[in-house]
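**Student:** Numbering (the working numbering), first residue to last: 164 to 418.
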């Protein structure tokens with residue numbers, strides 16, 4: 164393997180770890196590097212899932228005090244996230260590279276727009292989610308968590324973005340609580356996806372573990388940084404990166 168590619172993967176993993184812990188969207192840093200390394204799209208996506216997994220998982224540890232306040236009733240949402248993530252990962256395994264590559268720009272664009280305008284969407288479903296939350300879920304809440312988790316298991320890039328927007332729709336406006344719950348649900352969805360990808364044999368382990376190492380460090384740093392750095396700064400950067408990647412992949416695969 165090229166030492167330059169390994170260095171880029173480690174750096175991308177580091178940035179992804181910090182970004183996922185602070186505001187989500189970390190896979191926007193790593194996924195393009197896996198593709199640039201010449202991996203088939205599905206292998207790149209599965210390897211990317213492995214690489215960014217520790218960011219959310221370690222951030223859960225960093226947010227354990229915040230999560231204790233929401234511990235009651237969160238089990239239902241975790242189970243739904245596990246189911247959605249598992250079905251999404253299984254669907255990816257059955258998807259061919261030709262079909263999947265055509266979806267990449269649409270998936271990234273969708274996640275970016277939801278992240279950018281999530282607060283405006285909240286009013287659209289407010290009447291359906293009134294008196295509901297991830298700790299007291301109703302039918303609409305369960306469906307929302309399932310769909311986002313399915314997306315996370317299938318693609319992964321933008322999972323944190325979508326979860327933060329979805330949590331805002333459910334009334335979780337406190338940034339610390341939003342981050343804590345986002346990391347918990349994202350970790351559940353990607354953990355089951357990780358297991359499925361591993362046993363399916365579609366992970367490029369040398370590449371994935373290099374970015375994984377960077378993401379471990381980034382996740383530990385990010386959980387601390389998120390306590391004092393306003394997420395708005397990362398949100399702006401992620402939106403710009405997401406739009407750039409959307410345009411780039413539209414041109415690359417449809418131009």
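Ideal placement from N, C-alpha and C gives every residue a C-beta, glycine not left out. The structure displayed is predicted, hence computed values, not measured ones.
Whose C-alpha, out of 319, 219 and 272, is nearest the C-alpha of residue 255?
**Tutor:** Nearest of 319, 219 and 272 to residue 255, Cα basis: 319.
**Student:** Could you check whether the stretch 246-262 touches the stretch 392-408, counting it as contact only if at least three pairs of C-beta atoms, one from each stretch, sit closer than 8 Å?
**Tutor:** No: fewer than three Cβ pairs fall under 8 Å.
**Student:** Residue range of the alpha helix (DSSP H) that residue 326 falls in?
**Tutor:** Its alpha helix (DSSP H) spans residues 322-332.
**Student:** Give me the Cα-Cα distance between residue 410 and residue 272, rounded to the nearest whole angstrom.
**Tutor:** C-alpha separation (whole angstroms): 8 Å.
**Student:** Any chance the stretch 231-250 sits against the stretch 371-389, with 3 or more Cβ pairs inside 8 Å?
**Tutor:** Short answer: they don't touch.
**Student:** Could you check where the alpha helix (DSSP H) with residue 256 kicks off and where it finishes?
**Tutor:** Per DSSP, residue 256 belongs to the alpha helix (DSSP H) from 237-257.
**Student:** Taking the alpha helix (DSSP H) that residue 216 falls in, what are its first and last residues?
**Tutor:** Taken as a continuous stretch (DSSP letters only), the alpha helix (DSSP H) holding residue 216 covers 204-225.
**Student:** On the three-state DSSP scale, how would you describe residue 201?
**Tutor:** Correct three-state label for residue 201: coil.
**Student:** Secondary structure at residue 335, three-state DSSP: helix, strand or coil?
**Tutor:** Three-state DSSP puts residue 335 in coil, outside helix and strand.
**Student:** Any chance the CB of residue 242 is under 7 Å from a heavy atom of the ligand COA?
**Tutor:** This structure does not include the ligand COA; it has no bound ligands of any sort.
**Student:** Thinking C-alpha only, which one of 339, 346, 205 and 170 is nearest residue 360?
**Tutor:** Nearest of 339, 346, 205 and 170 to residue 360, Cα basis: 205.
**Student:** Measuring alpha carbon to alpha carbon, tell me which residue in 382, 364 and 388 is nearest residue 207.
**Tutor:** Comparing Cα positions, the closest option is 364.
**Student:** Going by beta carbon distance, what residues of the same chain come within less than 7 Å of residue 265, once the five residues before and after it are set aside?
**Tutor:** Result list for residue 265: 416, in chain order.
**Student:** Express the C-alpha separation of residue 212 and residue 323 in angstroms, rounding to a whole number.
**Tutor:** Cα to Cα, residue 323 sits roughly 12 Å from residue 212.
**Student:** Mind checking residue 226: buried by the 16 CB within 10 Å criterion, or exposed?
**Tutor:** With 16 or more Cβ atoms within 10 Å of its Cβ, residue 226 is classed as buried.
**Student:** Taking a contact to mean a Cβ-Cβ separation below 8 Å, would you say residue 312 touches residue 343 in this structure?
**Tutor:** No.
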